[in-house]
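Taking the working numbering, the leading residue of the sequence shown gets 284, the next gets one more, and so forth.
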Amino acid sequence: MPESERQLPLPIFDDTHTPTEDDSTQPTAFAAVGPGEGQPGQSALWPELAPAAQKTPRLSAPSPGPPTGTATSTSTSREEGRGDAVPQEPTPDLEELEKECKTCRKCDLRAGCTQVVFGEGNPHAKLMFVGEGPGQQEDIQGRPFVGAAGQLLDKILAAVGIRRDEVYIANVVKCRPPGNRLPTSEEAEACLPHLRAQIRAIKPKIIVCLGALATQTLIDKRARITRVRGNWFEKNGIMYMPTFHPAALLRDETKKRPVWEDMKKVKEMLDRLETA
Ligand code: SF4
């Protein structure tokens, strides 16, 4: 199910990799840069969580500063992750990218979907969300995150004080997999240049990876969403926050609190960037 959080078999892009015990721990190619302290928001979505959220304990690790856009001392090791770097060369604008994407036939998904769902939102967004792939409603409407999971994402954004029209939302694959199945590694790999180009064009400072596929595609192929969520990862001046896919929350309410905590960190970082 593209609109869901899944624990993918690892790796998804390297068929020669033999999973080890390390696969269930923090990714080694990327270094978490330390969690920030979440600030309490006004939770209309989960009012029962708001009081507890305001008691967020002080964390021992220092909060990361806003991304500077320059390589850090750990950038070399981070560069050793899978081929998920966002090259810095100039790119055509987003409209041109969308036109190109909508004529794409690089994988078989296009033959089975209604339309290409490129993504939408503020082309100058500091905050970008990346999910897995279009579901049924997205395929019909041509817009990302408009089904049940999308409506929940809207509520999550509202709960932490982020407007949907100030962010950009996209998926790893732009065409709906048949039957809402998980995109294959080949499909995700084929579509990755579109996502990379989007990221280069939008130049977000923060990317929230919604679910396992986005996390493994953009952060580390060996990452387990249950282990890495809630931690900041940095690469090429972009801060990455992995968290559960909203669809996972529809199935499992226990994931609400961790997502709430993760989104508070995102909001805090966003606010910090606004005032930097
Ligand atoms: S999923 Fe991506 S790579 Fe495949 S046809 Fe659609 S746009 Fe092209």
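Ideal Cβ positions, reconstructed from N, Cα and C, are used throughout, including at glycine.
Is it buried or exposed, residue i, if we count other Cβ atoms within 10 angstroms and call 16 or more buried?
i	result
H634	With the chain represented from 284 up to 559, any question about residue 634 goes unanswered, as that position is not in the structure.
G563	Absent from the structure is residue 563, since the part of the chain shown begins at 284 and ends at 559.
R507	buried
D554	exposed
P461	exposed
R388	exposed
D422	buried
K518	buried
D545	buried
P470	This sequence places Glu at residue 470; Pro is not what is there. Counting Cβ neighbours within 10 Å, E470 comes out buried, since at least 16 surround it.
L465	buried
Among residues of its own chain, excluding the 5 on either side of residue i, which ones have a beta-carbon nearer than 6 Å to its beta-carbon?
i	result
E304	Note that E304 scores 29 on pLDDT, short of 50, meaning its location in the model is unreliable and no value can be drawn from it.
E449	N405
Q434	none
K538	F527, A531 and L532
Looking only at its chain, what residues have a beta carbon closer than 7 Å to the beta carbon of residue i, apart from the 5 residues adjacent to it on each side?
i	result
T359	The predicted position of T359 is uncertain, since its pLDDT is 31 and thus under 50; a value taken from the coordinates is nonetheless stated next. So the list is empty, once near-sequence residues are dropped.
D376	A484
A431	L533
E403	R426, P427 and I452
A497	V413, G414, E415 and V455
K385	V399 and F401
A473	K389 and C390
For a cutoff of 8 Å on Cβ pairs, would you count residue i as touching chain D?
i	result
A480	The structure shown contains no chain D, having only a single protein chain.
Pull up the CB-CB distance for residue i and residue j, whole angstroms please, since I reckon it's below 8 Å.
i	j	result
T500	R512	Not really, about 15 Å apart at Cβ, beyond 8 Å.
M524	K488	With 8 Å as the limit, M524 and K488 do not qualify as a contact, their Cβ atoms being about 11 Å apart.
I490	M411	5 Å
L392	C458	4 Å
Item to check | Residues passing the C-beta test against the ligand SF4 heavy atoms, cut-off 7 Å | outcome: C384, C387, R388, K389, C390, L392, R393, V399, V456, K457, C458, E470, A473, C474 and H477
Checklist entry - Residue ranges of each alpha helix (DSSP H) run of no fewer than 4 residues wholly in the segment 518-543, ordered along the chain? => result 529-534
Checklist entry - What are the uninterrupted segments assigned as beta strand (DSSP E) that are 3 or more residues long and contained completely in the segment 388-475, given in chain order? => result 410-414 and 451-454
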